[in-house]
Amino acid sequence: MDDLDCKIINQLQGGFPICDRPFKVVATLLEIKENELLQRIEKLLKEGFLSRFGALYHAEKLGGGLTLAALSVPEQAFENVTTIVNSFPEVAHNYKREHELNMWFVIATEKPDRIQDVISEIETQTDLKVYNVPKEVEYYIGLYLEV
Amino acid sequence: MKLDNLDRQIIQATQTGFPLNSKPYHVIAEQLNVTPQEIMLRFQRMLEMGIIRRIGAIPNHYKLGFTANGMSVWNVSDEVVDEYGKKIGELPFVSHCYRRPRHLPIWHFNLFAMVHGKTRKEVEEKIEQIALLLGENDLDHQILYSTKILKKTGLRLID
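Residue numbers (the numbering used here), protein chains in the order written: chain E, 46 to 192; chain U, 3 to 161.
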């Protein structure tokens, strides 16, 4: 990653234009060629500095279900429980965290009702209580990371 | 406002990313057999409706060196949580800020603020600023660092 890569990442986190040649518009702002910008983005994606380039959709507004849930997993069962939880395609992210509640995962479903089913199935299969903490209010969701 | 079939097709075609082409909207249009103007109109409308949060690059925090990922959780009384949630959400280093339910006795935190940093020290300095902002309204707080990513896939929105 060089300075130009950083500039590109910072610039592209703002609103990408909706027009015939959007990359050309951004390239002009960065004072580079459209082609170079496209190549750089491709490289940043390939090397994993960018996880995605495109539209960031708002899951709940699409009518889907989304929640954060946690488990308190005994250390000796951790691997086993991880396998069970991760086996659900509805589990999108799962993190081990330092707390008595040591496993935190996001459940995303196309139909909101399905959230409760997934939670019940995880409880049955792991014999652990799932603590469901759906968001009640969203104060902010970050759209920008300065690199 | 409801999404129609074309909106759903657009979402399906782009949920994993845009075509890296000088005319990305034209490429999508061609795939879906509609005019580029129609595609651009739909994107504009979905942005205005909030269906799309934004269009652009989604950085990978870890790969970019922001490896300290602290989920800070706070116990703030219900009367003032919304007022402070908004203020905390406005801090430049907070990437997500939500109110969530408590589960007593194991879980008494109702405000979540995600803070990313290159080191834990950096995250802790930022958390200290949140604590200062809350003052005596900070009944208790903790930072839950992630010690391992167990799974990370994109959300599948529409099959």
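Glycine included, each C-beta is placed from N, C-alpha and C at the ideal position.
Taking the alpha helix (DSSP H) that E126/U falls in, what are its first and last residues?
R122 to L136
Whole-angstrom distance between S165/E and L173/E, CA atom to CA atom
10 Å
For the ligand ZN, any of its heavy atoms closer than 7 Å to the Cβ of V117/U?
This structure does not include the ligand ZN; it has no bound ligands of any sort.
For my contact list, E191/E and N80/E are in at a C-beta cut-off of 8 Å; report their separation, rounded to the angstrom.
That belief does not hold up - the Cβ atoms of E191/E and N80/E are roughly 26 Å apart, past 8 Å.
With C-beta atoms as the reference, is L95/E less than 8 Å away from P61/U?
yes
With H, G and I counted as helix, E and B as strand and the rest as coil, what does DSSP make of H144/E?
coil
In the DSSP output, what is H143/U paired with across the bridge?
W76/U
Coil, strand or helix - S165/E by DSSP
helix
Per-residue DSSP class, three states only, for M42/U:
helix
Please compile the residues from chain U whose C-beta is within a distance smaller than 7 Å of the C-beta of L75/E.
What L75/E touches in chain U: nothing, since even the nearest Cβ is about 13 Å away.
Tell me, to the nearest whole angstrom, how far the beta carbon of A70/U is from that of G119/U; I am working on the premise that it is less than 8 Å.
5 Å
How long is the line joining the alpha carbons of N139/E and E124/U, rounded to whole angstroms?
24 Å
Between the stretch 17-37 of chain U and the stretch 149-167 of chain E, do at least 3 Cβ pairs fall closer than 8 Å?
no
Span of the alpha helix (DSSP H), counted from its first residue to its last, around R66/E:
No alpha helix (DSSP H) contains R66/E, which DSSP labels as neither H nor E.
In the structure shown, what three-state DSSP assignment does T154/E receive?
strand
Taking 8 Å as the cut-off, decide whether the C-beta atoms of F122/U and N112/U are in contact.
At residue 122/U the sequence reads Arg, which differs from the Phe that was named. Result no, Cβ atoms of R122/U and N112/U do not sit closer than 8 Å.
Verify whether the separation of the beta carbon atoms of D50/E and R85/E is less than 8 Å.
yes
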